[in-house]
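These notes concern the structure reproduced below.
Residue numbers (our numbering): 1296 to 1398.
Have a look at this one:
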């Protein structure tokens, strides 16, 4: 099970409506980046390497940096393992690419 943080509205009374509402439009880039990080780390999670998965996701979703300033760390693909190449532009959204991992 993976739980991703979604922020907090600041007021306890507004939490339920906040978590059940759609993501703000201005967070599309950050959400896309987070989903790409989850997709990149998924093979580690699938192999049972939760710590490596979390390192990949948390290292790429650090909100202290602007999305445009973040760099995806280069990793060497393991022989015989399918990897996700997020450096190439694609017409599919990050969520669509993540869903393909489960098919």
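Cβ atoms here follow ideal geometry from the backbone N, Cα and C, with glycine treated the same way.
As the structure is a computational prediction, the values presented were derived from the model and not from experiment.
In this structure, residue 1336 keeps its C-beta atom at 9 Å or more from the C-beta atom of residue 1318. When Cβ pairs closer than 8 Å are counted between the two stretches, the stretch 1390-1397 is seen to touch the stretch 1321-1340, the count reaching three or more.
An exposed status is given to residue 1310, since fewer than 16 other beta-carbon atoms sit within 10 Å of its beta-carbon.
Taking all protein chains shown into account, residue 1299 has fewer than 16 neighbouring C-beta atoms within 10 Å of its C-beta and is therefore exposed. Going by DSSP, residue 1338 is part of the alpha helix (DSSP H) stretching over 1323-1341. Around the C-beta of residue 1351, 16 or more other C-beta atoms lie within 10 Å, and the residue is accordingly described as buried. Relative to residue 1396, the option among 1325, 1338, 1312, 1343 whose CA is nearest is 1338.
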